[in-house]
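Going down the list, the protein sequences come from chains A and B.
Start counting the first sequence at 845; every next residue gets the next number (my numbering).
Start counting the second sequence at 845; every next residue gets the next number (my numbering).
Glycine included, each C-beta is placed from N, C-alpha and C at the ideal position.
Since the structure is predicted, the reported quantities are computational estimates derived from the model, not experimental observations.
The structure appears right after this line, and notes come after that.
Number of protein chains: 2
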Amino acid sequence: MTVARGSETLDRVDDPDEEPRLRIGEVARVTGLTARTLRYWEEIGLLKPFAHRGSGERLYSVAERERVTHIRELQDLLGLTLAEIQDVLASEDTLERARRAARADAPTPKRLRLLADALEANGRLVDRINERLARIKEFRDECVERGDRMRARQLELEADQRRASRR
Amino acid sequence: MTVARGSETLDRVDDPDEEPRLRIGEVARVTGLTARTLRYWEEIGLLKPFAHRGSGERLYSVAERERVTHIRELQDLLGLTLAEIQDVLASEDTLERARRAARADAPTPKRLRLLADALEANGRLVDRINERLARIKEFRDECVERGDRMRARQLELEADQRRASRR
DNA sequence: ATCCAAGTTTCCGTTCACGTCAACGGTAAT
DNA sequence: ATTACCGTTGACGTGAACGGAAACTTGGAT
């Protein structure tokens, strides 16, 4: 499926509306990554650009840009490896399929099934996040407690000091 | 300073009490790491074993075993690199020095200064943790919200289905 | 005294997640 | 058409964080 649009040729055009097509440098700038990273992610099958131009130039849509930030969060905040992220996203992509099914007027039962799958994937992710949150809170509380003990000791010492200076 | 104790020879003995001396395999097992990792951490100056026997065998004390789990938490929960962890621990070690100063009957002002330093380092760490917690919570809320939207859609579809089956 | 599991050092290898450089091609505006 | 930039595909390099094998020593139980 090759469609001419202006003077440029796209290998794939699913929607004819006015969605902006981003070049790789654009996406890199707004997400704070490098083009290399985006190509690497594509290399390992983590992020497929919306389309390749005949010249090979990648074109991204807003959906991919959002996916990029999502991936970053999974990476930085949850400490997942790119492989684990692939798993997570594979589950999540069910949602995308559901949306496409909606566009395609798919039968309601099928759409419901897809939705249920997406919901389950989402639930698992939220569980993971909550688990991590709990562990970090625990760790923080330990640190805070240590701080409290140190402050108590500090007061003690200061009292000693005052007593000593009084005589 | 070499002291004979039973038939074994220690390069360094600071406390004569009954603190158990752990061998590397022991520490590895209880912390879930490998001996290789512990040696690596020593190599980069992250974790000094309490003592080396004449043969080169490492002996750890409880303090080091705790330090190991602490490092793991900084690594896994906060996603710090070993270099960053070194920084954090360098600050935190002030506390250890403070304790030693206490043992050595150091002057109170000095002990207070050490305590203040340790407190500040601790405060910075807690801040970091809180910041991270906030970001993760934000991320979780986004996910939860998405889930809510999906559930709403689900109800809608189910209603459609019921309407359709009624006629 | 002997034996072996567990320790040691040294050195080289690996995986992950990119960075970097070269050589080249296409795009956009003048 | 020229110029100034993107962008492309390799290929190789890198830093962090270890893994693994070889060759040797040691501690502790039998």
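- Quick one: what's His896/B bridged to in DSSP? Arg902/B
- Query: Using DSSP with H/G/I as helix, E/B as strand and the rest coil, what is Leu866/A?
  - Reply: strand
- Please confirm whether Arg997/A and Leu959/B have their CB atoms less than 8 angstroms apart. yes
- Do Leu918/B and Val906/B come within 8 angstroms of each other at the CB atom, strictly closer than that value? no
- Message: Under 8 angstroms, with one C-beta from each stretch per pair, do the stretch 897-913 of chain A and the stretch 969-983 of chain B reach the 3-pair mark?
- Response: no
- Task: Counting only runs of 3+ residues fully inside the stretch 913-964 of chain B, write out the beta strand (DSSP E) ranges in chain order.
- Result: none
- Message: Taking the beta carbon of Ile973/B as the centre, do at least 16 other beta carbons fall within 10 Å, making it buried, or is it exposed?
- Response: buried
- Item | Nearest neighbour of Arg865/B, chosen from Arg944/B, Arg897/B and Ser1009/B [CA to CA] | Arg897/B
- Is the Cβ of Ala1003/A closer than 8 angstroms to any Cβ of chain B? no
- Item | Coarse secondary structure for Thr881/B, derived from DSSP in three states | helix
- Message: With H, G and I counted as helix, E and B as strand and the rest as coil, what does DSSP make of Met980/A?
- Response: For the record, residue 980/A in the displayed sequence is Ile; it is not Met. Reduced to three states, the DSSP call for Ile980/A is helix.
- Item | Proximal residues, the stretch 932-952 of chain B versus chain A, C-beta separation under 8 angstroms | Leu939 and Thr952
- Query: Any chance the stretch 883-900 of chain B sits against the stretch 926-945 of chain B, with 3 or more Cβ pairs inside 8 angstroms?
  - Reply: yes
- Query: Which chain A residues sit within Cβ distance under 9 angstroms of Lys981/B?
  - Reply: Ile973 and Leu977
- Apart from the five residues on each side of it in sequence, which residues of its chain come closer than 7 angstroms, Cβ to Cβ, to Ala945/B? Lys954, Arg955 and Leu958
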